[in-house]
Amino acid sequence: MKILRDFQYLLKKIHERSLYKGHSKTRIKKLALFRSKIEHESLILAQDERWRRA
């Protein structure tokens, strides 16, 4: 799970930096969509882990 957390952190930083640089709104939207997809996947993975441990 640490890898996922690091990846999420990186995505967040990229997202913030792109906002700072003033990238196009579509690019920011794509990044946000990608980030939410990753977070969704990691949630499913975390639930799967808990289910496996139970």
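In our numbering, each residue's number is its place in the sequence shown (first place is 1) plus 765.
For every residue, glycine included, the Cβ atom is placed at its ideal position computed from N, Cα and C.
Fill in: Ser801 versus Lys767 - alpha carbon distance
Rounded to the nearest angstrom, the two C-alpha atoms are 18 Å apart.
Fill in: Nearest residue (CA-CA) to Arg770, options Phe799, Ile803 and Arg817
Relative to the Cα of Arg770, the nearest Cα in the group Phe799, Ile803 and Arg817 belongs to Ile803.
Practice prompt. Measure how close the beta-carbons of Leu798 and Ile779 come, nearest whole angstrom, since I'm counting them as under 8 Å.
Written response: Taking the Cβ atoms as the reference, Leu798 lies roughly 13 Å from Ile779, outside the contact range of under 8 Å.
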